[in-house]
Amino acid sequence: MDSRVSELFGGCCRPGGGPAMGGNLKARGAGGSSSCGGPKGKKKNGRNRGGKANNPPYLPPEAEDGNIEYKLKLVNPSQYRFEHLVTQMKWRLQEGRGEAVYQIGVEDNGLLVGLAEEEMRASLKTLHRMAEKVGADITVLREREVDYDSDVPRKITEVLVRKVPDNQQFLDLRVAVLGNVDSGKSTLLGVLTQGELDNGRGRARLNLFRHLHEIQSGRTSSISFEILGFNSKGEVVNYSDSRTAEEICESSSKMITFIDLAGHHKYLHTTIFGLTSYCPDCALLLVSANTGIAGTTREHLGLALALKVPFFIVVSKVDLCAKTTVERTVRQLERVLKQPGCHKVPMLVTSEDDAVTAAQQFAQSPNVTPIFTLSSVSGESLDLLKVFLNILPPLTNSKEQEELMQQLTEFQVDEIYTVPEVGTVVGGTLSSGICREGDQLVVGPTDDGCFLELRVCSIQRNRSACRVLRAGQAATLALGDFDRALLRKGMVMVSPEMNPTICSVFEAEIVLLFHATTFRRGFQVTVHVGNVRQTAVVEKIHAKDKLRTGEKAVVRFRFLKHPEYLKVGAKLLFREGVTKGIGHVTDVQAITAGEAQATMGF
Ligand SMILES: Nc1nc2c(ncn2[C@@H]2O[C@H](COP(=O)(O)OP(=O)(O)OP(=O)(O)O)[C@@H](O)[C@H]2O)c(=O)[nH]1
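Heads up: the sequence shown is residues 1 to 602, going by UniProt numbering.
Laid out in structure tokens, this is it:
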């Protein structure tokens, strides 16, 4: 937690001010993280054997874990070796949750040896056979030459291997879309998800409403979700050739769910809820090229940093201004990103090669911040963003995912609907365990601190039926005739064995990001922890009697309305007017339902 994030809130720093930290990252090389965070122009070790000046001669040594595999060559393997290679591919795919990247022509230590054309062709043929055996497709991401002063040109080929989906288990990445009002968020989403360019007067945005009946079916949220699929060959699957979300899900191996968060300041609570509750894998911050950092941009940037959501930036509307204006906006962003409070490494993406590198480096280091410059009207550079989104790997590793799945079931309730002929439906995210149709769970805490029994009648992901829900996945669960009035956003549905604890008093280590005067005991704030959002009063500031902007402390809060289910370690954000703070829960004072009823006045 960095108290300097406070500089992004409350207008206490000059736009674009602050000393330059770190350096720009030049998009270079295949899959290499070696240049991450390195200052611009820093010389690489070793001989310049990589040929092209902007290609490093080495990749980092192959990691045992993860979904990246180096292969020097795959020419005519014996049957025994072929079987071994297939097993290895299954493992890499599992590590990447259905996606793996093969670097052909590279030694395990990362040395870029390269293959002559004939050997490369034979190797790719073997890779294709391996992929067929495991039910995957391959796509060449990029090829590059290495120059060893030999007469025969040698190449490295980077290949994406992606499993054809089975039983709804496509890879699902959630991207929260942030940005000032009118920066072009809905337009960009319209263009990406509908496949038709905008006319500069909101046509693409209107196209989204063509499917309003679907978007609105059962949804009352002010946050909207848009989906963009990629098939196993890496091709876009969207509404341009599919009629329904079900069709998109069926044909996709990977699904990007965009969470369109409101841009206007008055909807800040919705934006915060979207970021804390929907557990996005990353965020896309849209900045209009002609206005630069304006309105809520700085605040949205601060929120993503405070909540540690990795983000990339899209500078939109480049068709509206001169090249120099676009460059000025990019420079302004780079300056802010390098400020001590952000400490990011900007990486301008100007080619497909950059987009591939950006996706890989973004996944390896949360500090790398790719910047795209594009137009939703002319379509300029839109393809680079698609390449990036297609390749972007899951940002949590398979071990973390496995561990979460071993835990007891816990589902966060973010939305509640009543659907005709279905009954009560809740939308949210499974934060741990597995959830199947027919599971018996308990939901709570209710206002008087109880947990109520219910049965999961059916599950849908992206509006398609799904039998098993795994940790990290978002879904809607039908609860039959369970009384909707007993539910509220912020509840959890958990396995009865969990015996969930509830609290109305908790402590958190916080840093005050911005406060007009001083922050003391008795002050009331809206607290956001995951899907929990409630007013709480500051009961005590440990070892201090007041806090000023940028100061840290352990603070005791008391919820005013009803008890909540909180976990130690959970990230917390609070606000009231211009006052804002972040932190994490350090202690919860567990109470029983009886105590809750007594303390909360039931
Ligand atoms: N010329 C041009 N116009 C664009 C581009 N992107 C968006 N626009 C226009 O900008 C206007 C605002 O775009 P929106 O997509 O509604 O902006 P928004 O960020 O979603 O706004 P809120 O939902 O209100 O936060 C619309 O009239 C779009 O047609 C672009 O790349 N070039």
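Even for Gly, the Cβ is constructed at its ideal location relative to N, Cα and C.
Outcome for residue i when other beta-carbon atoms lying within 10 angstroms are tallied against a minimum of 16
i: Leu-560; result: exposed
i: Arg-300; result: Reading the sequence as shown, one finds His at residue 300 and not Arg. Answer is buried; the Cβ neighbour count reaches 16.
i: Thr-162; result: Contrary to the premise, residue 162 reads as Arg rather than Thr in this sequence. So Arg-162 ends up on the buried side.
i: Glu-410; result: buried
i: Tyr-80; result: exposed
i: Glu-453; result: exposed
i: Glu-421; result: exposed
i: His-84; result: exposed
i: Ala-485; result: exposed
i: Asn-109; result: exposed
i: Arg-97; result: buried
i: Gly-438; result: exposed
i: Gln-412; result: buried
i: Asp-383; result: exposed
i: Lys-344; result: buried
i: Ser-240; result: exposed
i: Gly-190; result: buried
i: Val-588; result: buried
i: Ser-431; result: buried
i: Ile-591; result: buried
i: Asn-76; result: exposed
i: Arg-331; result: exposed
i: Pro-157; result: A quick correction: the sequence has Thr, not Pro, at residue 157. Buried: at least 16 other Cβ atoms inside 10 Å.
Simplified DSSP assignment, three categories, for residue i
i: His-584; result: strand
i: Ser-252; result: coil
i: Phe-523; result: coil
i: Glu-415; result: strand
i: Phe-312; result: strand
i: Phe-362; result: helix
i: Tyr-58; result: strand
i: Leu-479; result: coil
i: Phe-225; result: strand
i: Arg-488; result: coil
i: Thr-257; result: strand
i: Ala-516; result: coil
i: Gly-293; result: According to the sequence displayed, residue 293 carries Ile and not Gly. Ile-293 falls in the coil class under three-state DSSP.
i: Pro-233; result: Residue identity differs from the one stated: residue 233 is Lys in this sequence, not Pro. If DSSP states are grouped into helix, strand and coil, Lys-233 belongs with coil.
i: Arg-154; result: strand
i: Ala-63; result: coil
i: Ser-123; result: helix
i: Leu-460; result: The residue you asked about is not Leu; residue 460 is Gln in the sequence shown. Gln-460: strand per DSSP, three-state reduction.
i: Lys-552; result: strand
i: Leu-385; result: helix
i: residue 655; result: Residue 655 falls outside the range modelled here, since the chain spans only 1 to 602, and no answer is possible.
i: Glu-327; result: helix
i: Leu-566; result: coil
i: Val-356; result: helix
i: Val-134; result: helix
i: Glu-380; result: coil
i: Val-511; result: strand
i: Leu-547; result: strand
Identified DSSP bridge partners for residue i
i: Cys-435; result: Leu-469
i: Val-159; result: Tyr-102, Val-140
i: residue 621; result: In the structure as shown, the chain begins at 1 and stops at 602. Residue 621 is therefore absent and cannot be evaluated.
i: Leu-572; result: Gly-583
i: Ile-391; result: Paired residues: none, contrary to the question.
i: Thr-369; result: Pro-346
i: His-542; result: Paired residues: none, contrary to the question.
i: Gly-428; result: Val-413, Ala-475
i: Gln-534; result: Val-527
i: Leu-275; result: Leu-275 is not bridged to any residue.
i: Arg-455; result: Gln-440
i: Asp-172; result: Met-255
i: Leu-178; result: Leu-285
i: Glu-595; result: DSSP lists no partner for Glu-595.
i: Glu-493; result: The residue you asked about is not Glu; residue 493 is Met in the sequence shown. Phe-411, Val-443, per the DSSP bridge assignment.
i: Glu-145; result: Lys-155
Residue-level contact to chain C via CB, residue i, 9 Å cutoff
i: Phe-451; result: Absent from the structure is chain C; it holds one protein chain and no more.
Subject >> Contained beta strand (DSSP E) runs [length at least 3] in the region 70-118, N- to C-terminal order >> reply: 99-104
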